[in-house]
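As given, the protein sequences belong to chains E and A, one line each in that order.
Following my numbering, the numbering of the first sequence begins with 21 at its first residue and continues without gaps.
Following my numbering, the numbering of the second sequence begins with 21 at its first residue and continues without gaps.
Worksheet for the structure shown next.
Number of protein chains: 2
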Amino acid sequence: MDITGKQIINGTYVAEGKDSFNSFNVSLDKTIDTMFFEATDEEIDYAVNSAFFAFQTYHNTSHPERSQFLRAIAGEIEALGDVLLETASSETGLGLERLRGERQRTMNQLNAFAKYIDDGSWVKPIIDPADPDRKPLPKPDLRQMQIPLGPIGVFGSSNFPLAFSVAGGDTAAALAAGCPVVFKAHPAHPITCEMVATAILKAIEKTKMPAGVFSLIQGKSNRVGGSLVKHPLIKAIAFTGSYRGGKALFDLAAQRPEPIPVYAEMGSVNPVIVLSALIKEKGEATAKQFAGSITLGAGQFCTNPGLIVLKEGSETNTFLQHLAAELSATQPMTLLTRDISKSYLDGIQKQRSVKGVTPLTAEPKEKVTSHLLSVKASDALKNHAVLEEVFGPSSVAVISNSMEELKSFCATLEGQLTATLLGTEEELLEATELIDVLVSKVGRLIINGFPTGVEVSPAMVHGGPFPATTDSRSTSVGITAIYRFTRPVCFQNFPQALLPRELRG
Amino acid sequence: MDITGKQIINGTYVAEGKDSFNSFNVSLDKTIDTMFFEATDEEIDYAVNSAFFAFQTYHNTSHPERSQFLRAIAGEIEALGDVLLETASSETGLGLERLRGERQRTMNQLNAFAKYIDDGSWVKPIIDPADPDRKPLPKPDLRQMQIPLGPIGVFGSSNFPLAFSVAGGDTAAALAAGCPVVFKAHPAHPITCEMVATAILKAIEKTKMPAGVFSLIQGKSNRVGGSLVKHPLIKAIAFTGSYRGGKALFDLAAQRPEPIPVYAEMGSVNPVIVLSALIKEKGEATAKQFAGSITLGAGQFCTNPGLIVLKEGSETNTFLQHLAAELSATQPMTLLTRDISKSYLDGIQKQRSVKGVTPLTAEPKEKVTSHLLSVKASDALKNHAVLEEVFGPSSVAVISNSMEELKSFCATLEGQLTATLLGTEEELLEATELIDVLVSKVGRLIINGFPTGVEVSPAMVHGGPFPATTDSRSTSVGITAIYRFTRPVCFQNFPQALLPRELRG
């Protein structure tokens, strides 16, 4: 298909701006010819206004009409064929099989939301009937349901070019809720973004949705995202990416004349606490599994375990030697972008230079390889830099001199998407206080498993206290993500004919 | 009972500060001797730290233990006897019967939360069982529930010295959720606050709750509230009061190194749209009811109808004459504080001076009386001052020259707690577009009723888009208010013995 490099707004391709950037083939380490135009402020205004006008009809579409639209998007993404996977692979360096799975997940998400909204009960109707005989005053008829917030600005992540991008979880949740989406394309995979946007465009036409219900804007500069967040008709923001990016958007949104909710998933170090008896029993097998989790997808998952917390002892030393050997044996990897590779290598160097840090893998060279470092808990607390997330296939082992120190160390942790506890049955039963501390820090706590691999299921929480996210009261994976884009309204004393259909009867 | 004027922190009375203020008898318009000490920053730190330590045990109390605690608070408030009502009446100018009803409502709220949490299902358990045979990977066991956020800072309102104050809805919701509360007393009724706090203290002792689960801090300066919001161990804020106060706390909370949710209910003008045929049919009766709603509680309800939107015509003129006559016939009223009376009289003068405004009631004198003004929609849009909330028993009539102008005017309204539509059956059936506009602006939409009188029932929404509140996704009245103070956590692959009891089985 032809890639235009333009914004796709209200069903049309536009590019009035002068600034542009190129896509980049990260696998071949070379620039792709296709040029992309940065959205101008006028174009962003056009996109949001189109979304606002589309909202007037879109929020009144029936639930089956909307689920048909979501299913059509899934169908059109599949219809793009393998060229979508090949394109995404060249732009991100991710393998074809991984991307095939991710495409399936993206379609599953769209279909799951379609199924969830189909019968309309998702609006959570509550009906309190009138009681005209109540004393001292009659009780009025009160009925509540969830309604959509309005146009939503969505920012995709670099590490999931399909499942957390143009037609990813956030877009699916917002569209399912009845909210139009203005999507800010990730500059690390702009071709993939345009391809998926054309699929949405086809679905809009086929299911006769208003053209403004989805727009795609391109941009590499902070201005584009900032203008989107500041637009008065945007009613909420969803974002997956770095702390720096997410926090900047949160601050902009809070400073608006009308502040709006920001759901930013900003990653975390996902501590894994490894208890001693377990690694005494099966340290080698655990190290093997652990290395698999650290290097999965080149360590580029939000739930990648970047911190290992252990108690000192010979079994810990042996375990870390096994783990270092496993990691050293992995092949060099391609990260999502040149910048991410550079940040990774710089980050490792920075951590290695922290006082008290012992590198357990070889000095980093030009290529991205997996790394392991170790540091005493007391030293780590003195230099927080060693505890900051380094995006990529590395981990830092923090060694405590006692269970008390280990618990205290965990109590100082910031908010996390996940924490994991590995131990024997006996050890776990004695760890209830530690578990209590960990629960207070996370969105998800895993026992004897690994944090990578986020199930799309009703009980999943992909979220957590700040700075893992800017709103711990929700999740960005799973069906309940839809309620990030709704609010309750109460209809008092409405005649049946005027009630929304979900509240009649 | 003896009033100390001190902070009540962790079960003890403390007052290390030098700054103080007096309570004021607004009915007699004179200062009460009792002196209150402004909480120092050290005292606020002590209160929040006590709350944090109490949280460690309190969040692990069983649901029946917690509901017993809430019921005990209700019992101890009743046990204070009528001296509580007399005190509140002298500090607020509200009548004894009104306060008797408000005390009952306060107790009902506490008991309703007690009943709601009793069996533990309120934590919304979700259980996704494991599937070891799933391909390509086994599915882990995932279980989700809501957990409490931690210590909450609550700010009471001046207009509900019991139901939205020390042991009011926000405190009840937070304590029910498992969150300790540090309550900032309202300086307009500090004696009432201390009395209710001692009731909570007794309930803490009787039900053996940790002493730090509730603390009361006094203060008239912004510093006290600001220090509470900025304390790093406070995890959310609930507030009922003015836009200025609520927005200032919201901004402070957003600027914290760790931003926290702020649920500020900041009032609104609660527009009432009056359609022509209805007032042609029964204008006089409607005017009588309307006057009752405007002057109820001296117009000091958050849902007081401060804006009337009508279409021009002789029936509108007649209706407004009736309404003005009704309002002019009411007696002078005592408002909650001297400052509120002054703001009210200044606000009326300011509105009367706006270009195009026609006063329909007599020039305001020293005493607080009810007022009505009218202005053309086109003039109102040119001078927003006439549309701003004046807290008290007044209303502004905005006259449109057509239904189209009326609709456009409604589309320019800011977020509101409520809107109300009065019309004949026929008129209402033709007003679906107008209803759509109004729904987008409010937390609650009333047909042929009045906004004052907020039912405490499951379908109620006392909230709405900014600037009515800082978080439209919730309500501050009703049982679901509890979820403002919780977040979901997912427990993955937990052995039964380690699961929270709500998720076992």
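Just so you know, even glycine gets a beta-carbon here, dropped at the ideal spot from N, CA and C.
Source: prediction; values computed, not measured.
- At least one beta carbon of chain E lies nearer than 8 Å to the beta carbon of valine 509 (chain A).
- By DSSP's assignment, glutamate 285 (chain E) forms a beta bridge with E:Thr260, E:Thr489.
- The three-state reading of DSSP puts isoleucine 146 (chain A) in strand, counting E and B together.
- In the three-state reduction of the DSSP assignment, glutamine 27 (chain A) falls in the strand class, which pools E and B.
- Neighbourhood of aspartate 190 (chain E) in chain A, by CB distance below 8 Å: empty, with the nearest CB roughly 16 Å away.
- Annotation: valine 202 (chain E) to leucine 401 (chain A) spans about 30 Å, alpha carbon to alpha carbon.
- Contact between the region 50 to 68 of chain A and the region 21 to 37 of chain A is present, with at least three C-beta pairs closer than 8 Å.
- Only Arg507, Pro508, Val509, Cys510, Phe511, Gln512, Asn513, Phe514, Pro515, Ala517, Leu518 from the region 499 to 524 of chain E bring a Cβ to less than 7 Å from some Cβ of chain A.
- By the Cβ-count criterion, leucine 343 (chain A) is buried, with 16 or more other Cβ atoms from all chains shown falling within 10 Å of its own Cβ.
- Annotation: Cβ neighbours of phenylalanine 270 (chain A) in chain E (cutoff 9 Å, chain order): Ala274, Pro279.
- For valine 34 (chain A), the enclosing beta strand (DSSP E) has its first and last residue at 32 to 34.
- Of the residues assessed, proline 277 (chain E) falls on the exposed side of the cut-off, its CB having fewer than 16 other CB atoms within 10 angstroms.
- Between leucine 392 (chain A) and leucine 347 (chain A) a beta carbon distance of about 5 Å is seen, short of the 8 Å cut, so the two are scored as contacting.
- By the neighbour-count criterion, in which 16 or more other beta carbons inside 10 Å mark a residue as buried, alanine 99 (chain A) falls on the exposed side.
- With a cutoff of 8 Å on beta-carbon distance, isoleucine 167 (chain E) and valine 509 (chain E) are scored as near each other.
- Assignment of aspartate 65 (chain E) by DSSP, reduced to helix, strand and coil, places it in the helix class.
- If you ignore the 5 residues before and after aspartate 49 (chain E), its C-beta comes within less than 8 Å of the C-beta of Arg358, all in its own chain and listed in chain order.
- For leucine 130 (chain A), the uninterrupted alpha helix (DSSP H) run begins and ends at 116 to 137, by DSSP.
- For a cut-off of 8 Å, the C-beta gap from alanine 193 (chain A) to phenylalanine 133 (chain A) is around 6 Å, short enough to register as a contact.
- Between the alpha carbons of glutamine 512 (chain E) and alanine 223 (chain A) lies a distance of about 37 Å.
- Taking 8 Å as the cut-off between beta carbons, the residues of the region 146 to 164 of chain A near chain E are Ile146, Ile147, Asp148, Leu157, Lys159, Pro160, Leu162, Arg163, Gln164, in sequence order.
- No residue range can be given for proline 279 (chain E), since it is assigned to no beta strand (DSSP E) and is classified by DSSP as neither H nor E.
- At a cut-off of 8 Å, the C-beta of isoleucine 137 (chain A) has no neighbouring C-beta in chain E.
- Between valine 329 (chain E) and leucine 426 (chain E), the CB-CB gap stays under 8 Å.
- For glutamine 320 (chain A), the three-state secondary structure derived from DSSP is coil.
- Minimum Cα-Cα distance from isoleucine 28 (chain E) among the listed residues E:Phe184, E:Pro210, E:Pro181 corresponds to E:Pro210.
- At a cut-off of 8 Å, the C-beta of isoleucine 455 (chain E) has a neighbouring C-beta in chain A.
- Bounds of the beta strand (DSSP E) holding phenylalanine 44 (chain A) are 40 to 45.
- In the same chain as glutamate 332 (chain E), and ignoring 5 residues on each side of it, the C-beta atoms closer than 6 Å to its own belong to Ile419, Asn421, in chain order.
- Only those residues of the region 416 to 434 of chain A whose C-beta falls short of 9 Å from the nearest C-beta of chain E are listed: Glu434.
- With fewer than 16 neighbouring CB atoms inside 10 Å of its own CB, threonine 51 (chain E) falls in the exposed class.
- Closest in C-alpha terms to isoleucine 280 (chain A), from the list E:Thr490, E:Ser398, E:Leu518, comes E:Thr490.
- Listed along chain E, the residues sitting closer than 9 Å to asparagine 468 (chain A) by beta-carbon distance are Asn513, Pro515.
- With contacts defined by Cβ atoms closer than 8 Å, serine 415 (chain E) and isoleucine 314 (chain E) form a contacting pair.
- One finds nothing in chain A with a Cβ atom closer than 8 Å to the Cβ of leucine 298 (chain E); even the nearest lies about 14 Å away.
- Per DSSP, phenylalanine 180 (chain E) lies in no alpha helix (DSSP H) segment and is marked neither H nor E.
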